[in-house]
Amino acid sequence: MADNAPLPRPQAGPITSQLGRREPDYLNGLNPEQRDAVLTIDGPLLVLAGAGTGKTRVLTTRIAHILTTKRAWPSEILSVTFTNKAAREMKDRIARFVGASVEGMPWLGTFHSISARILRRHAELVDLKSTFTILDTDDQIRLIKQLLAAENIDEKRWPARQFAGMLDAWKNRGLLPKDVPASDSGYYANGKGGKLYHDYQARLKTLNAADFGDLLLECIRLFRENPEVLAEYHAKFKYMLVDEYQDSNTAQYLWLRLLAQGKPASEANICVVGDDDQSIYGWRGAEVDNILRFETDFPGAKVIKLERNYRSTANILKAASTIIANNEGRLGKTLFTDIAEAGEPISFTQVYDSEEEARTVGEEIEQYQRQGEALNSMAILVRASFQMREFEERFITLGVNYRVVGGPRFYERKEIRDALAYLRLVAQPADDLAFERIINVPKRGLGDSTVKMLMETARHQRVPLLQAVRMMVETEDLKPKQRTTLRSLVAQFDDWAWRSESLPPYQLVEHMLEESGYMDMLAADKSVESEGRKENLKELSRSMEEFETLGGFLEHISLVMDRDSADASDAVTIMTLHSAKGLEYNTVFLPGWEDGTFPSQRSMDETGRAGLEEERRLAYVGITRGRKRVRISAAQNRRIHGLWQSAIPSRFIDELPPDAVEVTDRGSAYGGYGYGGGATSRFNKADPFESVYETPGWQRARANQSNRKGGGPLTIDGDLVARSVDLGGQSSGYALGERVFHLKFGYGEVIQIEGNKLTIDFEKAGTKKVLESFIKKG
DNA sequence: TACTGGCTAGTTTTT
DNA sequence: CTAGCCAGTA
């Protein structure tokens, strides 16, 4: 963590210099609502900030205001964000207001980094040591696999990933092992889910480790079980601020509530900022309800809506607002702008296939570039990452510079994780997961059987693996070859541990990689990737230069996993809609607006109407990223899982306001079948919304369905799916005991029904949970 | 212990 | 289609 360093005492200078003025500088240029949000600092406050309405500005100015009016010291403000990027941006902006003295805002950070900080202070109260390791998903899976093996659970049938997902969901909901309802834990591995969770937690304690979920969950437990600790934080935090509140999950909500309990709810100095229309992480446990319920949680809360948009043209705002208006259960905001000119209409282009889509987008990008637009000001936002490849390929042939945001992150790359495992083991010799990772990397001739033996000893003696190695090399149990290898490995680690006292971390890692043979391994590797891997390791060492202690660096990498694209070159950005939240571009391309792709079929199948609404919010996020220009496209044909499928334009196209949209249909020119009677026809109707279900898109959707082979249930209809989900299993088209047929699994019998998910005992494939839409009556 | 073919599964991912 | 994982073989 960058702010781990001792804090400089805040300087009174810049603060007092602001006092005595009637109208501080930082209030200049704020609109009335923004100003209100900045100045209302006592009592609960909910700021509903639509896209591009100056949310971050309000948040940072508010902090600046609290500081300059001396209502609190930097260390007395708790300010929470979801991403490191947001935290960093806030720090930078506050520093600009108040001067460098704020560099030391120690409690400005992500939920996770702040929780980790608190936990390290009171680690012993939650059965950890303050040096505990933070596990990432990779370690988590490895650990779960071990537990599954110990329980003799078939990994094929009960994948570790699935259990990791369940664990995550439980922790997101703030549930300790004892709190998980039996109906929940009973499902996995025939009722062993609860026990596994319990064992998993126990294992974490012996490893002196916590996973991401634990950072919050254990913090909550700490507060609940130790009121005196909680009281300490009540006294400490005079003001609380939360960014992107719509993305908070139950655990984060509980965490905040506990910390806000120092005062009666109606007097809590808590300010949450968010936009219910940009809640796109429901599938990850985010509860939009948290923001919708704020006024109930904190009675008398003031609500301020920021609706004046400073980013986009009127046409873009109109399109976004019209689409999002189709959602129910909103707090209801409408964006508006002062800019008189409507700007370019949103364009919608239908193309023959995804290849042509990439070609078209490529051409347009080159055209805008010729007109003087920087590639940096253009972005392609896709629903799913598989859509990216086609654009990348096209840009390579065109020679257009591009940058992909997302994908495997730097710290998740294999070679980086290997290097980190070496470092972790030096910092924490009890880190068994790290040990297992590198014991045979590079290859040392220490295979499964040796590792098994070591683990056996470790378990019996109740010591970490590295310690078990020390014991084993003194016995005759190992084969001579392995014994020699292990002996020198231990000696190496002792040497590294000793060196770590004097060498700065970046030199230590270079030394270790060289000495361990890792670099030799890469040098011997003739594959294309090995060069890149070496580069990455160099980059790792470079990034470590600013850290003085190994512990400080490790904390940083486990929590601050951001992929800083330090790349300053001019390039088009390709990324998912999810990662685009919070960003803006002059020109935004939104390809792949086909029903099934976007909105994604799976979202609708799994969560029905709620899923569709979240997809719609994604559309809203996508459109509002554009400042000047938004260009939507849909392919008539797309290859999914290797086979070509014809697709109809997204239902969201039908929800766009016709007078802000311009339609072209390139697809028909290529002999593809267009839809309706000419591309623009449907937008010429007096009121395209008089019946949404009569629009060509829908008619085609319906026609498509009745033609589907097998004539399965209408899964494309959000309403129908939603109904079956909402009624909690009563409305399934299937009955318990019914014989059904699944294209892949064959015949089987329905043994459980949950909404549109059926558990079926297949004759050949065993028991599986499948979506109703994938089966038919047998 | 290390490699290679066959098989399976296949959204979104702030920490 | 294709990438990642496991099981069987050298």
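Residue numbers (the working numbering): 378 to 1155.
Using N, Cα and C, we set each Cβ at its ideal position, and we do this for glycine too.
Predicted model only: the values in this text are computed from it and were never measured.
Inter-residue distance for D653 and L694 is about 16 Å (C-alpha atoms, whole angstroms).
In the three-state reduction of the DSSP assignment, Q1022 falls in the strand class, which pools E and B. Taking 7 Å as the cut-off, the beta carbon of G590 is found no closer than this to the beta carbon of Q623.
For secondary structure counted as the beta strand (DSSP E) over 3 or more consecutive residues, the segment 610–646 holds these complete runs in sequence order: 616–619. In the DSSP assignment, A414 falls within the alpha helix (DSSP H) that extends over P409 to L416.
Beyond the five residues adjoining it in sequence on each side, N817 comes within less than 6 Å, by CB distance, of L823 in the same chain, given in chain order.
Counting only runs that start and end inside the segment 646–728, the beta strand (DSSP E) elements of at least 3 residues fall at 647–651 and 679–683. A straight-line Cα-Cα distance of about 37 Å links D982 and T714. P451 is a Cβ neighbour of G481, given a cutoff of 7 Å. Going by beta carbons, F488 and A586 fall outside the 7 Å limit. In its chain, beyond the 5 residues on either side, L800, R801 and A804 have a beta carbon closer than 7 Å to the beta carbon of L931. The bridge partners DSSP lists for V1038 are I723.
Y403: not part of any alpha helix (DSSP H); DSSP gives it neither H nor E. A996 is positioned such that its CB atom lies no closer than 7 Å to that of F966. For D982, the uninterrupted alpha helix (DSSP H) run begins and ends at Q978 to I1000, by DSSP. I1009 sits close to F725, with the two beta carbons spaced by under 7 Å. Under the 8 Å Cβ criterion, the segment 678–691 does not count as touching the segment 973–989, having fewer than three qualifying pairs. In this structure, DSSP gives N567 a helical state, which the three-state scheme calls helix. Distances from the alpha-carbon of A798 to those of I681, G739 and S935 put S935 closest. Distance from V665 to L425 at the Cβ level is roughly 12 Å; contact not present, criterion being Cβ atoms closer than 8 Å. Less than 7 Å divides the Cβ of A566 from the Cβ of W535. R771 is a Cβ neighbour of A735, given a cutoff of 7 Å. In terms of CA proximity to K462, V937 leads the group L752, V937 and N529. Annotated as distal: L899 and S893, with beta-carbon spacing of 7 Å or more. Annotated as distal: A957 and L752, with beta-carbon spacing of 7 Å or more.
Taking a 10 Å sphere around the C-beta of N686, we find 16 or more other C-beta atoms and assign the residue as buried. Between K432 and D504 the beta-carbon gap is near 39 Å, outside 8 Å, which marks them as no contact.
Between the alpha carbons of E602 and R550 lies a distance of about 18 Å. Fewer than three beta-carbon pairs drawn from the segment 736–743 and the segment 1016–1028 are found closer than 8 Å, and the two stretches are therefore not classed as touching.
K1005 carries a strand assignment under DSSP once its states are collapsed to helix, strand and coil.
The beta-carbon separation of A414 and R448, rounded to 16 Å, does not stay under the 8 Å limit for a contact. Within its own chain, the residues whose Cβ lies closer than 8 Å to the Cβ of N778, once the five positions on either side in sequence are excluded, are L752, F772, S946, D947, A948 and V949, listed in chain order.
With a cutoff of 7 Å on beta-carbon distance, W875 and M889 are scored as not near each other. Judged by their CB atoms, L842 and F812 are nearer to each other than the 7 Å cut-off.
Apart from the 5 residues on each side of it in sequence, Q859 sits with its Cβ closer than 8 Å to the Cβ of G822, L823 and T827 in its chain, given in chain order. Under the DSSP assignment, A493 falls outside any beta strand (DSSP E), being part of the alpha helix (DSSP H) whose first and last residues are F488 to R498.
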